[in-house]
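Enquirer:
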Amino acid sequence: MEKEYAISMRGITKRFGQVVANDRIDLDVRWGEILALLGENGSGKTTLMNMLSGIYQPDDGEIYVNGEPVYIQDPKDAFEHGIGMIHQHYKLIEVFTAAQNIILGLDGEKMDLRQTNRKVREICQRYGFDIDPEMKVYDMSVSQKQTVEIIKVLYRGANILILDEPTAVLTPQESVRLFQILRNMKADGKAIIIITHKLHEVMDVSDCVAVLRKGEYVSTVRTADTNPQALTEMMVGHAVTLNIDRPRYPKPEKKLIVQNLSVVDGEGIRRLDDVSFTAYTGEILGIAGISGSGQKELLEAMTGLMATEPGSSVRIVEGAKETELIGMSPMKIRRSGVGMAFVPEDRLGMGLVGSMGMTGNMMLRSWRKGRGIFVKKKEPKELADKILSELEVVTPGTDYSVRKLSGGNVQKVLVGREIAIQPQVLLTAYAVRGLDINTSYTIYRLLTEQKMKGVAVVYVGEDLDVLIELCDRILVLCAGRVSGIVDGRSATKEEIGLLMTHAGREDER
Amino acid sequence: MSEEKKTPFIRLARRSAMDRRRMWIIRVSSIVFALILGFIPILLTGSNPLEAYGVIIQGSLSRPVYIRQTVKIAIPLLGCALAIAPCFKMKFWNIGAEGQITMGAVAATYFALYWYDRVPHVMLLVIMALTGAAAGGLWALIPAFFKAKWNTNETLFTLMMNYIAIGIVAWLQGGPWEGRKGSQLIPMFNDAARLPDVLGVHCGWIMVLILVVLMHIYMTKTKQGYEIAVIGDSANTARYAGMNVGYIIMRTMFISGAISGFVGFMIVSGANYTLYSGVANGVGFTSITVAWLSQLNSFAMIFISMMLAVLQKGANTLQTRMDVPASISSIITGILLFCMLSCEFFINYRLIFRKRQDTEAAE
Numbered sequence: 001m002e003k004e005y006a007i008s009m010r011g012i013t014k015r016f017g018q019v020v021a022n023d024r025i026d027l028d029v030r031w032g033e034i035l036a037l038l039g040e041n042g043s044g045k046t047t048l049m050n051m052l053s054g055i056y057q058p059d060d061g062e063i064y065v066n067g068e069p070v071y072i073q074d075p076k077d078a079f080e081h082g083i084g085m086i087h088q089h090y091k092l093i094e095v096f097t098a099a100q101n102i103i104l105g106l107d108g109e110k111m112d113l114r115q116t117n118r119k120v121r122e123i124c125q126r127y128g129f130d131i132d133p134e135m136k137v138y139d140m141s142v143s144q145k146q147t148v149e150i151i152k153v154l155y156r157g158a159n160i161l162i163l164d165e166p167t168a169v170l171t172p173q174e175s176v177r178l179f180q181i182l183r184n185m186k187a188d189g190k191a192i193i194i195i196t197h198k199l200h201e202v203m204d205v206s207d208c209v210a211v212l213r214k215g216e217y218v219s220t221v222r223t224a225d226t227n228p229q230a231l232t233e234m235m236v237g238h239a240v241t242l243n244i245d246r247p248r249y250p251k252p253e254k255k256l257i258v259q260n261l262s263v264v265d266g267e268g269i270r271r272l273d274d275v276s277f278t279a280y281t282g283e284i285l286g287i288a289g290i291s292g293s294g295q296k297e298l299l300e301a302m303t304g305l306m307a308t309e310p311g312s313s314v315r316i317v318e319g320a321k322e323t324e325l326i327g328m329s330p331m332k333i334r335r336s337g338v339g340m341a342f343v344p345e346d347r348l349g350m351g352l353v354g355s356m357g358m359t360g361n362m363m364l365r366s367w368r369k370g371r372g373i374f375v376k377k378k379e380p381k382e383l384a385d386k387i388l389s390e391l392e393v394v395t396p397g398t399d400y401s402v403r404k405l406s407g408g409n410v411q412k413v414l415v416g417r418e419i420a421i422q423p424q425v426l427l428t429a430y431a432v433r434g435l436d437i438n439t440s441y442t443i444y445r446l447l448t449e450q451k452m453k454g455v456a457v458v459y460v461g462e463d464l465d466v467l468i469e470l471c472d473r474i475l476v477l478c479a480g481r482v483s484g485i486v487d488g489r490s491a492t493k494e495e496i497g498l499l500m501t502h503a504g505r506e507d508e509r
Numbered sequence: 001m002s003e004e005k006k007t008p009f010i011r012l013a014r015r016s017a018m019d020r021r022r023m024w025i026i027r028v029s030s031i032v033f034a035l036i037l038g039f040i041p042i043l044l045t046g047s048n049p050l051e052a053y054g055v056i057i058q059g060s061l062s063r064p065v066y067i068r069q070t071v072k073i074a075i076p077l078l079g080c081a082l083a084i085a086p087c088f089k090m091k092f093w094n095i096g097a098e099g100q101i102t103m104g105a106v107a108a109t110y111f112a113l114y115w116y117d118r119v120p121h122v123m124l125l126v127i128m129a130l131t132g133a134a135a136g137g138l139w140a141l142i143p144a145f146f147k148a149k150w151n152t153n154e155t156l157f158t159l160m161m162n163y164i165a166i167g168i169v170a171w172l173q174g175g176p177w178e179g180r181k182g183s184q185l186i187p188m189f190n191d192a193a194r195l196p197d198v199l200g201v202h203c204g205w206i207m208v209l210i211l212v213v214l215m216h217i218y219m220t221k222t223k224q225g226y227e228i229a230v231i232g233d234s235a236n237t238a239r240y241a242g243m244n245v246g247y248i249i250m251r252t253m254f255i256s257g258a259i260s261g262f263v264g265f266m267i268v269s270g271a272n273y274t275l276y277s278g279v280a281n282g283v284g285f286t287s288i289t290v291a292w293l294s295q296l297n298s299f300a301m302i303f304i305s306m307m308l309a310v311l312q313k314g315a316n317t318l319q320t321r322m323d324v325p326a327s328i329s330s331i332i333t334g335i336l337l338f339c340m341l342s343c344e345f346f347i348n349y350r351l352i353f354r355k356r357q358d359t360e361a362a363e
């Protein structure tokens, strides 16, 4: 094997039970190169990288580091070969400082924090990080925590870095900064692999793109020779249109009026602060914000699942009639007939019963119906059959536990059921998270259909490109407050990104 | 190649779905396997295992009178397993059936002792059954209330409640309800307070069989059974669906405690004809085993409770005939539980052994 390759993988195969997660995959990364590993959810990207970082071992195939064949037994082995992975979920000790976290678990390292601090500052300077080694982790933002994770890997002398969806939790501005750092590292001769499914990032930062599809290796192309459309087709395996249709609804009317909505959680932290907005019929109102800015609380407060502060008001307008929802239990809201549908973020932990089949899950909306002590199964069964055929849910049958279905099919069951109540308001939280491109577009289409039926759709999302293409208006939350509402047709990502961080708060003062 | 491959010798892999027939084959073979493992402790006592099993079967099933005694052991086990099932389905770990049985027995005993000459026979039994159920239900309601209101740990709470209940009986035994002074015993019930026999066993067996059917219908066909299943899966989903989780927990625990209390009534009125502090005699705990082994399936509980009763009854005969301690039945029950639980593991996972390293030559 040639030395210019930092990593070469040949014929890597990994099976989990009957599932072949990776099927004879080849991959090459040169020194001083950024490789984007692209593929839909479940295409085997993370599995492949976990084999590089020693978390799994391949069933078949060889790995070469710098031209030498290696067997990577565990993460420690990986570090010895200079491979470091930054996972999606950070593994930091909250009460430690950055420097303490960085040296944590290093054998034979003297606890000389002063020297560590100096070395950390050196690394920062070299690649353009901006972090104080003596800062405690609990005081850090998500992007600062990520920085600590990256420095941790560099500190251990890694020169092959793997980043698993590093921008999923970052604002656009933070992503730009991260990419600059990656370029600096590349200039320093390091080899970098980033796992992502955001096409514009691939185009922006990578030199080469390797595409996986359903556990199989499709091919590697030079970024300069390709475009998003071509990459998508490689990912999905057939031609797709990437445009989301955004028709205008003829006459929008006020449907959902939220005023001075505040939520204080059990620990006395103000999660929502004086939130006011109006959602109209025939519009998709997007809600953007860094994760944990109050999105979950907003939706749960509106559906009666979370207690609100005095003075909060959530009203549904029907002609001249206004129904106040604050103070109603979730059951009462359901019975009042205001038609509030809710697709929560935690699909199996909140929206569905994982151990039951589709029919049992349809009953979640209707189990109370009818007199007597017995449940009626006929209607839910019919509804399940209808959703099964209309949304093309892939399942062995309507009694097959939904927990065992794939993420996309789970979401179809959930969205299908919520739409079936013919809602006036449809609240959705991260409706396409973890879904493949095809299913994502099915969901966008369903939401747009609802909108054109005159439903007020609220779409809490994380991908700004999608929010800008799908939504009529976008409300931006920052630390539990509304930092701005922008028009989806004219807004830019940068504008929303600024509102997502504290910048939007300055002009309030 | 210098680098030796260090693949672990055994690895685990998740199985894809298995068909029902194979699942039951694995379960039945795990029971057989457990019985074979049971050879070891019997061998340690110096007896012939096959002979010992023979004696167990003989001592529990060979004569009508033995069968009756075995069924008598199985009745409270089955009844109490039915009581626990809805709690466990809800993932509310009620291990307080022992105390709920005891409190049911206390209430029934009160009427047996002081009302036997005031109301007709059948009426008295009905009053005893209803108050027994109510007492067991209320006893169970206490930990459920604290769980619903302040999310206390139900496992510890229900366990502690057992000892309080047993303590109460000990006090009654030596105090207010004591029969002959100094005897520390509560007098035997009047005939009016005893359950009549049907086919030689007190009629409790008919009632638990009816309960089996009722519980099956309750869990699979009713709205309340649906609520219990949803909460067991995810309390958040239940809240989302508009269910009042705290209320449902309390209601289910009341029902569970009430059935246990009813079992307590059957024990004092059908078997013991008196009350003493050991009235539950571990039934509340053994029935947890019954409920688990039968995967909360009401009909499977009939079979499992009979099996454990056979072991228990047969082991007594074993002790007298072959000098093997009767506690051998608890040991075998333990092995059974262990094997049945681990067989669930093999239903979900399979083992992969390291392949021979002859593929290396291909380099």
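Taken in sequence, the protein lines are chains A and B.
Numbering-wise, this note's numbering puts 55 at position 55 of the first sequence, and it's gapless, one number per residue.
Numbering-wise, this note's numbering puts 119 at position 119 of the second sequence, and it's gapless, one number per residue.
Glycine residues also receive a C-beta, built at the ideal position from the N, C-alpha and C atoms.
1. Please list, in chain order, the residues of the stretch 232-243 of chain B that have any C-beta partner in chain A closer than 7 Å.
2. Check distances from the C-beta atoms of the stretch 373-397 of chain A to those of chain B and list, in chain order, the residues that come in under 7 Å.
3. Measure the C-alpha to C-alpha separation of ILE248 of chain B and PHE299 of chain B and round it to an integer number of angstroms.
4. Using a Cβ-Cβ distance cut-off of 8 Å, determine whether ARG417 of chain A contacts chain B.
5. Out of curiosity, what's the CA-to-CA distance linking CYS478 of chain A and LEU293 of chain B?
6. Flag MET51 of chain A as yes if its beta-carbon sits less than 8 Å from any beta-carbon of chain B, otherwise no.
7. Tell me whether ARG412 of chain B sits in a helix, a strand or coil according to DSSP, three-state version.
8. Consult DSSP for GLU583 of chain A and reduce its assignment to one of helix, strand or coil.
9. Got a sec? Which residues, its chain only, sit under 6 Å from THR289 of chain B by beta carbon, not counting five neighbours each side?
10. Leaving out five residues on either side along the sequence, give the residues of the same chain with a beta carbon under 8 Å from the beta carbon of ASP385 of chain A.
11. List the residues of chain B that LEU305 of chain A touches, going by C-beta distances under 7 Å, in chain order.
12. Express the C-alpha separation of PRO69 of chain A and THR359 of chain B in angstroms, rounding to a whole number.
13. Here's the rule I'm using: 16 or more other beta-carbon atoms within 10 Å means buried, otherwise exposed. How should GLN295 of chain B be labelled?
14. Counting contacts by CB-CB distance shorter than 8 Å, is GLN224 of chain B in contact with chain E?
15. Per DSSP, which one or two residues make a beta bridge with PRO76 of chain B?
16. Provide the residue(s) that pair with ASP77 of chain A in DSSP beta bridges, ordered along the chain.
17. Assess contact between the stretch 89-100 of chain B and the stretch 156-168 of chain B, defined as three or more Cβ pairs (one per stretch) separated by less than 8 Å. Is contact present?
18. Assign THR492 of chain A to one of two classes, buried (16 or more other C-beta atoms within 10 Å of its C-beta) or exposed (fewer than that).
19. Taking only beta carbons into account, state which residues of the stretch 327-343 of chain A come closer than 9 Å to chain B, listed in chain order.
20. I'd like to confirm something about LEU52 of chain A: is its beta-carbon nearer than 7 Å to some heavy atom of the ligand GTP, or not?
21. I'd like to know whether the C-beta of ASP26 of chain A is nearer than 8 Å to at least one C-beta of chain B.
22. Here's a check: name, in chain order, each residue in its chain whose Cβ is nearer than 7 Å to the Cβ of GLU216 of chain A, leaving out the five neighbours to either side.
23. So if I threshold CB-CB distances at 9 Å, which residues from the stretch 347-358 of chain A count as touching chain B?
24. Going along the chain, which residues of its own chain have a beta-carbon closer than 6 Å to the beta-carbon of PHE265 of chain B, five neighbours each way excluded?
25. Could you list which residues in chain A have their beta carbon closer than 8 Å to that of VAL122 of chain B, in chain order?
26. Could you check the C-alpha separation between ASN184 of chain A and ARG118 of chain A for me, to the nearest Å?
27. In chain A, which residues lie with their C-beta within 9 Å of the C-beta of LYS181 of chain B?
28. Do the stretch 357-367 of chain A and the stretch 430-446 of chain A meet, that is, are 3 or more Cβ pairs less than 8 Å apart?
29. Run through chain B and tell me which residues come within less than 7 Å of TRP367 of chain A, C-beta to C-beta.
30. Where does SER522 of chain A land, buried or exposed, given buried means 16+ other C-beta within 10 angstroms?
31. By alpha-carbon positions, which one of A:ASP130, A:ARG15 and A:ILE86 ends up nearest to ARG350 of chain B?
32. Just how far apart, CA to CA, sit ALA288 of chain A and LEU467 of chain A?
33. Taking only three categories from DSSP, how would you classify CYS203 of chain B?
34. Inspect the beta-carbon positions of ASP273 of chain A and ARG481 of chain A and report whether they are closer than 8 Å.
35. Considering only their Cβ atoms, is the gap separating ILE333 of chain A from THR308 of chain A smaller than 8 Å?
36. From ARG21 of chain B to ASP346 of chain A, what distance separates their C-alpha atoms?
Expert: According to the data block:
1. Taking 7 Å as the Cβ-Cβ cut-off against chain A, the residues of the stretch 232-243 of chain B that qualify are ASP233, SER234, ASN236, THR237, ARG239, TYR240, ALA241 and GLY242.
2. Residues are counted here when their Cβ sits less than 7 Å from a Cβ of chain B; for the stretch 373-397 of chain A these are ILE373, PHE374 and VAL375, given in chain order.
3. Residue mapping note: residue 248 of chain B aligns to position 248 of the second sequence, counting from 1. Residue mapping note: residue 299 of chain B aligns to position 299 of the second sequence, counting from 1. Spanning the alpha carbons of ILE248 of chain B and PHE299 of chain B requires a straight line of approximately 25 Å.
4. In the first sequence, residue 417 of chain A corresponds to position 417, counting from 1. Closer than 8 Å: no.
5. Walking along the first sequence from the start, residue 478 of chain A turns up at place 478. Walking along the second sequence from the start, residue 293 of chain B turns up at place 293. Answer to the nearest angstrom: the Cα atoms are 52 Å apart.
6. Locating residue 51 of chain A in the first sequence gives position 51, counting from the first residue. Chain B contact via Cβ: absent.
7. Since the first residue shown for chain B is 1 and the last is 363, residue 412 of chain B is missing from the structure and cannot be characterised.
8. The structure shown does not extend to residue 583 of chain A, since chain A spans only 1 to 509, so no value can be given for it.
9. As a working mapping, residue 289 of chain B is identified with position 289 in the second sequence. Around THR289 of chain B: LEU337.
10. For the purposes of this step, residue 385 of chain A is taken as the residue at position 385 of the first sequence. Closer than 8 Å at Cβ, skipping near neighbours: THR398.
11. Counting from 1 along the first sequence, the entry for residue 305 of chain A is found at position 305. Chain-order list of chain B residues neighbouring LEU305 of chain A: ARG239 and TYR240, by C-beta distance under 7 Å.
12. Translated into the one-based positions of the second sequence, residue 359 of chain B becomes position 359. Translated into the one-based positions of the first sequence, residue 69 of chain A becomes position 69. Any reading at THR359 of chain B must be qualified, since the residue scores a pLDDT of 42, below 50, and its modelled position is unreliable; no value is offered.
13. To locate residue 295 of chain B, count along the second sequence from 1; it is residue 295. Exposed: under 16 other Cβ atoms inside 10 Å.
14. Of the protein chains in this structure, namely A and B, none is chain E.
15. As a first step, residue 76 of chain B must be located in the second sequence, where it is residue number 76. According to DSSP, which records beta bridges pairwise, PRO76 of chain B is partnered with nothing at all.
16. As a working mapping, residue 77 of chain A is identified with position 77 in the first sequence. None, per the DSSP bridge assignment.
17. With three or more CB-CB distances shorter than 8 Å, the stretch 89-100 of chain B counts as touching the stretch 156-168 of chain B.
18. Counting from one through the first sequence, the residue named residue 492 of chain A turns up at place 492. Under this definition THR492 of chain A is an exposed residue.
19. The stretch 327-343 of chain A vs chain B, Cβ under 9 Å: SER329, PRO330, MET331, LYS332, ILE333, ARG334, ARG335 and PHE342.
20. Here there are no bound small molecules, and the ligand GTP is not part of this structure.
21. The sequence position of residue 26 of chain A within the first sequence is 26, counting from 1. No, because no Cβ of chain B sits closer than 8 Å to the Cβ of ASP26 of chain A.
22. If you number the first sequence from 1, residue 216 of chain A lands on position 216. A distance below 7 Å between beta-carbons, with the five flanking residues on each side excluded, links GLU216 of chain A to the following residues of its chain, in chain order: ASP23.
23. Result list: LEU348, GLY349, MET350, GLY351, LEU352, VAL353, GLY354, SER355 and MET356.
24. Against the second sequence, residue 265 of chain B aligns to sequence position 265. Cβ neighbours of PHE265 of chain B beyond the five flanking positions: GLY104, ALA108, MET128, ALA129 and GLY132.
25. In the second sequence, residue 122 of chain B corresponds to position 122, counting from 1. Going along chain A, no residue has its Cβ under 8 Å from VAL122 of chain B, so there is no contact; the nearest lies around 28 Å.
26. The residue you call residue 184 of chain A lines up with position 184 of the first sequence. The residue you call residue 118 of chain A lines up with position 118 of the first sequence. Distance between the alpha carbons of ASN184 of chain A and ARG118 of chain A: 20 Å.
27. As a first step, residue 181 of chain B is located in the second sequence; it is residue number 181 there, counting from the start. Correct list: empty, because the minimum Cβ distance to chain A is about 51 Å.
28. Judged by Cβ distances under 8 Å, the stretch 357-367 of chain A makes no contact with the stretch 430-446 of chain A, as fewer than three pairs qualify.
29. Taking the first sequence and counting its residues from 1, one reaches residue 367 of chain A at position 367. By Cβ distance, chain B contributes LYS223 and TYR226.
30. Residue 522 of chain A falls outside the range modelled here, since chain A spans only 1 to 509, and no answer is possible.
31. In the second sequence, the residue the question calls residue 350 of chain B occupies position 350. Looking at the Cα atoms, A:ARG15 is the closest of the given residues.
32. Taking the first residue of the first sequence as 1, we reach residue 288 of chain A at position 288. Taking the first residue of the first sequence as 1, we reach residue 467 of chain A at position 467. Roughly 8 Å between the two C-alpha positions.
33. Within the second sequence, numbered from 1, the residue matching residue 203 of chain B stands at position 203. Correct three-state label for CYS203 of chain B: coil.
34. Here residue 273 of chain A is taken as the residue at index 273 of the first sequence, counted from 1. Here residue 481 of chain A is taken as the residue at index 481 of the first sequence, counted from 1. A contact, by the Cβ cut-off of 8 Å.
35. Position 308 of the first sequence, counted from the start, is the residue given in the question as residue 308 of chain A. Position 333 of the first sequence, counted from the start, is the residue given in the question as residue 333 of chain A. For THR308 of chain A and ILE333 of chain A, no; Cβs fall outside 8 Å.
36. As a working note, residue 21 of chain B is residue 21 in the second sequence. As a working note, residue 346 of chain A is residue 346 in the first sequence. Spanning the two alpha carbons is a distance of roughly 34 Å.
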